[in-house]
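When you line the first sequence up against this note's numbering, it's residues -9 to 249, in that order.
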Amino acid sequence: MKIATWNVNSLRARLERVTAWLERQRPDVLCLQETKCPDEQFPSAAFEALGYEVAFAGEPGGLNGVATLSRCPLGPVRSELPGRADDAQRRFLAARCGELEVINVYVPNGQALGSDAFFYKLDWLSRLQAYLVGEREPTCPLVLLGDFNIAPDGRDVGVGEDSEGALHCSPHERRALGYLEAWGLRDALRVRTDQAGIYSWFDYRETTRRFDPGRGLRIDLIYVTAPLVPRVADVAVDLEERAGERPSDHAPVLLTLTP
DNA sequence: ATGCCCTAGCCCCTAGGA
């Protein structure tokens, strides 16, 4: 079974790339972030034609947005992260995909340390933790994946030494990931390897002229609960996709689970 | 060589991304 996450930086701008990638990789589940696509414009038919069911949560203004595509029938879907009734940002999509609960997240960027956006990011992560603690069981098969906008540790940072402690690499943000792990999640890539320098995001400004896979951040993460840890066969970043024409600034990350 | 990208909408500039 293959489960993927991909921040596409606008689904409408990259629909042909996404459908071509689905045909090439044939994942069972693909979680998209930053679809920037209002619900009434969501291209459901393009995915249904490839055999996927779709769930999506977009914003009228075309910011943020998440979608989950699944080859097996989707069960109950939730698009509201509890805890703040006035939060209109669409960054959360929980859906049952067969035996798995799949939680697709687009964690807020945070803009700058100490900014309002930064506190929104930390508050959002604490709401996510509260949701897991209150409504999910770590003994059940669950995948939490998406664009976390946090590099878990120094091995995941390749954008300059001054980045340690900065946005995406600060103790506050990493502590929030630590709370998720304490609930009962494992970073699937770290189940397989302790290798440094595996990145999933690459700045357009740095890499447009010539893509440099050695200069980026690993911020697109796939967490699994304990029952799935022994089944983690592989976690791979599709750098070929990032190196192509008109790419997203994020590469897809693909988890393979043994049956 | 010190790099100036990309997207959407408020659409020829600005905001947000990370």
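Don't be surprised by glycine CBs; every beta carbon is placed ideally from N, CA and C. In this text the structure is predicted, and so the values were computed from the model without any measurement.
- Just so you know, the alpha carbons of residue 158 and residue 190 end up roughly 13 Å apart.
- Residue 241 and residue 61 have their alpha carbons spaced roughly 21 Å apart.
- The C-alpha of residue 91 is placed about 16 Å away from the C-alpha of residue 173.
- Only residues of its own chain outside the window of five on either side were considered, and among them 32 and 57 have a CB closer than 6 Å to the CB of residue 46, listed in chain order.
- The alpha-carbon separation between residue 150 and residue 163 amounts to approximately 18 Å.
- Listed as beta-bridge partners of residue 76 by DSSP are no residues whatsoever.
- Here residue 82 carries a strand assignment [DSSP, helix/strand/coil].
- Under the three-state reduction of DSSP, residue 185 is assigned to coil, being neither helix nor strand.
- Within 10 angstroms of the beta-carbon of residue 210 lie 16 or more other beta-carbons, which makes it buried.
- Put simply, the backbone Cα of residue 147 is about 8 Å away from that of residue 186.
- Here residue 198 is exposed: its Cβ has fewer than 16 other Cβ atoms, across all protein chains shown, within 10 Å.
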